[in-house]
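In my numbering, the protein residues as written are 50 to 488.
By construction, the Cβ of each residue, glycine as well, lies at the ideal position given by its N, Cα and C atoms.
Everything on this sheet refers to the single structure shown next.
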Amino acid sequence: VLPYFRKQETDVDFDGPLHGKDGPMTIRRTAKERWPGLTKDFMRAAEEEGWRNLQDKNGVFEDGYFPIAVANADNRRKSTATAYLTAEARARPNLEVIGEAQAERILFSGTRVTGVRIHRRGEVIDIQANEVIVSSGALHSPALLLRSGVGPAAELAGYGVDVVADRAGVGKHLMEHPGVNFGCYMKKESRLPPDLRPPMYAGLRWSSELGDCPAGDMYMIPMNKSFWHAIGERLGVLMIWVNKSYSTGEVTLNPANPMAEPIVDFNMCSDERDMERLKIGVRRMAKLVEREPLQNSFTDVFPISYSDRARKYAVYSRSNQFQTWVGGQAMDAIGPLRRFLIKTLMADGPSIPQLLSDDSAMTEWIKGSVVGHYHASCSNRMGAADDPGAVCDSSARVYGVEGLRVCDASLMPAVPCANTNFPTIMVGEKVAATILAEG
Numbered sequence: 050v051l052p053y054f055r056k057q058e059t060d061v062d063f064d065g066p067l068h069g070k071d072g073p074m075t076i077r078r079t080a081k082e083r084w085p086g087l088t089k090d091f092m093r094a095a096e097e098e099g100w101r102n103l104q105d106k107n108g109v110f111e112d113g114y115f116p117i118a119v120a121n122a123d124n125r126r127k128s129t130a131t132a133y134l135t136a137e138a139r140a141r142p143n144l145e146v147i148g149e150a151q152a153e154r155i156l157f158s159g160t161r162v163t164g165v166r167i168h169r170r171g172e173v174i175d176i177q178a179n180e181v182i183v184s185s186g187a188l189h190s191p192a193l194l195l196r197s198g199v200g201p202a203a204e205l206a207g208y209g210v211d212v213v214a215d216r217a218g219v220g221k222h223l224m225e226h227p228g229v230n231f232g233c234y235m236k237k238e239s240r241l242p243p244d245l246r247p248p249m250y251a252g253l254r255w256s257s258e259l260g261d262c263p264a265g266d267m268y269m270i271p272m273n274k275s276f277w278h279a280i281g282e283r284l285g286v287l288m289i290w291v292n293k294s295y296s297t298g299e300v301t302l303n304p305a306n307p308m309a310e311p312i313v314d315f316n317m318c319s320d321e322r323d324m325e326r327l328k329i330g331v332r333r334m335a336k337l338v339e340r341e342p343l344q345n346s347f348t349d350v351f352p353i354s355y356s357d358r359a360r361k362y363a364v365y366s367r368s369n370q371f372q373t374w375v376g377g378q379a380m381d382a383i384g385p386l387r388r389f390l391i392k393t394l395m396a397d398g399p400s401i402p403q404l405l406s407d408d409s410a411m412t413e414w415i416k417g418s419v420v421g422h423y424h425a426s427c428s429n430r431m432g433a434a435d436d437p438g439a440v441c442d443s444s445a446r447v448y449g450v451e452g453l454r455v456c457d458a459s460l461m462p463a464v465p466c467a468n469t470n471f472p473t474i475m476v477g478e479k480v481a482a483t484i485l486a487e488g
């Protein structure tokens with residue numbers, strides 16, 4: 050699949066056989082000299098722990114720290130919409146983009162696809178097609194298949210949906226990268242400066258060395274801003290996640306209303322290897338924050354347990370903006386009030402010493418605080434024809450029907466040991482090449 054990774058990117062920093070130079074996605078890194086204070090101090094602490102600077106994490110597959118490669122142009126994130134749907138592409142006579150629409154289901158005659166039914170502005174519209182490619186993501190693609198009668202027969206019967214193809218794997222095997230976070234009150238010189246926008250600039254890849262887990266299976270990133278508001282500008286986040294996870298969950302429909310948002314259960318840390326590695330990560334992060342560079346960068350480091358109040362303030366509003374501005378000023382001026390606000394918003398659970406001294410407390414904190422990283426995948430996974438859990442073949446065709454493919458992160462057989470943005474674009478490039486080759 051390397052040619053399809055290269056095809057999508059223009060890497061402005063590195064050349065060589067692992068990097069593309071003329072693709073639509075612009076890739077760049079922020080120079081070490083421009084990193085915010087927290088990021089610099091985190092990586093100095095990592096060096097003291099024995100990790101080296103890899104420079105290019107996409108070209109050297111070892112443990113170490115590195116500047117994060119981001120899809121960015123003109124100081125803004127570059128999406129597939131801006132990269133691929135150019136004015137020239139939109140002008141093609143064989144392309145029509147229909148907005149404000151929700152797909153209800155795929156239409157079939159027997160097991161042969163005939164089109165798609167959509168809802169748009171109160172109108173139900175049937176669009177005829179000889180082939181349908183589903184690209185609704187790892188949460189909505191399986192939901193669309195289930196509403197269309199493709200999925201586990203017994204489950205479909207519970208929704209009142211007629212079975213078109215009994216595929217046990219639809220919506221199953223859902224995967225994510227589970228993680229937990231430490232928070233910290235950053236000193237003024239360590240905060241994100243006004244001339245920098247993204248909150249993350251460098252990361253640390255390392256190996257848990259647990260059992261048969263692969264090398265590079267763990268990830269840490271300092272985030273120089275936790276929320277959009279004034280309190281978030283003062284509170285940094287030290288992220289720990291399992292970069293090669295094994296836990297699986299599922300996507301199901303709401304039986305009362307199959308058109309509603311699907312019911313999603315990531316079931317994170319259900320595989321004991323994921324739980325154990327997060328514990329290893331917590332212990333390693335607890336050791337890292339004791340290093341002098343980080344001690345000079347922040348105060349009041351704590352395990353994050355997001356409260357309902359924190360979620361309330363995460364929503365942008367003028368009222369929240371004013372209240373958090375007042376709270377931010379108070380945090381800078383009054384230490385006891387700062388610690389009260391931290392406890393109220395983000396740290397109503399155990400302390401770091403309590404986690405380190407009580408394994409059961411750490412287990413419960415991880416269960417209650419584990420989060421994903423928007424890397425949902427594998428819920429329509431491809432596999433061999435004799436695999437009862439496989440939904441698609443290697444050409445992205447859905448088993449048991451004709452004229453239907455899936456092309457998004459749900460197609461992946463396992464969550465990659467990496468972020469999912471570029472692997473998902475690679476899937477699109479690979480499937481497109483397959484379709485073109487078929488004529």
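### Message
On the DSSP bridge list, what partners appear for leucine 193?
### Response
For the purposes of this step, residue 193 is taken as residue 144 along the sequence shown, with counting starting at 1. BP columns for leucine 193 are empty, so no partner.
### Query
If you compare alpha carbons, which of Ser294, Leu51, Arg78 is closest to tyrosine 117?
Looking up residue 117 in the sequence shown gives position 68. With the sequence shown as reference, residue 117 is identified as isoleucine, and tyrosine is not the correct amino acid for it. Ranking Ser294, Leu51, Arg78 by Cα distance to isoleucine 117 puts Arg78 first.
### Query
Would you call aspartate 90 buried or exposed, if buried means 16 or more other Cβ atoms sit within 10 Å of its Cβ?
For this step, residue 90 is matched to residue 41 along the sequence shown. Result: buried.
### Task
Measuring alpha carbon to alpha carbon, tell me which of Thr301, Asp244, Arg326 ends up nearest glutamate 258.
Along the sequence shown, read from residue 1 onward, the residue named residue 258 stands at position 209. Ranking the options by Cα distance to glutamate 258, first place goes to Arg326.
### Message
Quick check on the DSSP output: the beta strand (DSSP E) that includes phenylalanine 347 runs from which residue to which?
### Response
Position 298 of the sequence shown holds residue 347. Unbroken beta strand (DSSP E) run through phenylalanine 347: 347-352.
### Query
Around the Cβ of arginine 170, are there at least 16 other Cβ atoms within 10 angstroms (buried) or fewer (exposed)?
For this step, residue 170 is matched to residue 121 along the sequence shown. By the neighbour-count rule (16 or more Cβ atoms within 10 Å), arginine 170 is not buried but exposed.
### Query
Under the three-state reduction of DSSP, which class applies to proline 342: helix, strand or coil?
Your numbering for residue 342 matches position 293 in the sequence shown. Residue state, collapsed to three classes: helix.
### Message
So, at 6 Å on beta carbons, what are the nonlocal neighbours of serine 428 in its own chain, with the 5 sequence-adjacent residues on each side left out?
### Response
As a position in the sequence shown, residue 428 is number 379, starting the count at 1. Closer than 6 Å at Cβ, skipping near neighbours: Ala187, Pro191, Gly220, Leu223, Val300, Ser459.
### Task
Figure out for me which residue from Gly232, Arg240, Ile76, Glu137 has the closest Cα to the Cα of lysine 392.
By one-based count along the sequence shown, residue 392 stands at place 343. Answer by Cα proximity: Gly232.
### Query
Can the beta-carbon of phenylalanine 347 be found closer than 8 Å to that of methionine 235?
Stepping through the sequence shown from its first residue, residue 347 is reached at position 298. Stepping through the sequence shown from its first residue, residue 235 is reached at position 186. Closer than 8 Å, so yes.
### Member of Cys466, Glu321, Met324, Lys106 whose CA lies at the smallest distance from the CA of alanine 251
Counting from 1 along the sequence shown, the entry for residue 251 is found at position 202. For alanine 251, the nearest C-alpha among the options comes from Lys106.
### Query
Can you name the residues that DSSP bridges to tyrosine 114?
For this step, residue 114 is matched to residue 65 along the sequence shown. In DSSP, tyrosine 114 forms a bridge with Asn102, Leu253.
### Message
Buried or exposed, going by whether 16 or more other CB atoms sit within 10 Å of the CB of threonine 373?
### Response
Counting from one through the sequence shown, the residue named residue 373 turns up at place 324. Buried, because 16 or more other Cβ atoms sit within 10 Å of the Cβ of threonine 373.
### Query
Which ranges does the beta strand (DSSP E) cover as unbroken runs of at least 3 residues, wholly within the stretch 115-153, from first to last along the chain?
119-122
### Range covered by the beta strand (DSSP E) that runs through glycine 285
Position 236 of the sequence shown, counted from the first residue, corresponds to residue 285. That run of the beta strand (DSSP E) goes 284-291.
### Boundaries of the beta strand (DSSP E) in which proline 271 is found, first to last residue
Start at 1 with the first residue of the sequence shown, and residue 271 comes out as number 222. Note, proline 271: beta strand (DSSP E), 267-272.
### Query
In terms of residue numbering, what span does the beta strand (DSSP E) encompassing isoleucine 312 cover?
Numbered from 1 along the sequence shown, position 263 holds the residue referred to as residue 312. Isoleucine 312 -> beta strand (DSSP E) spans 312-314.
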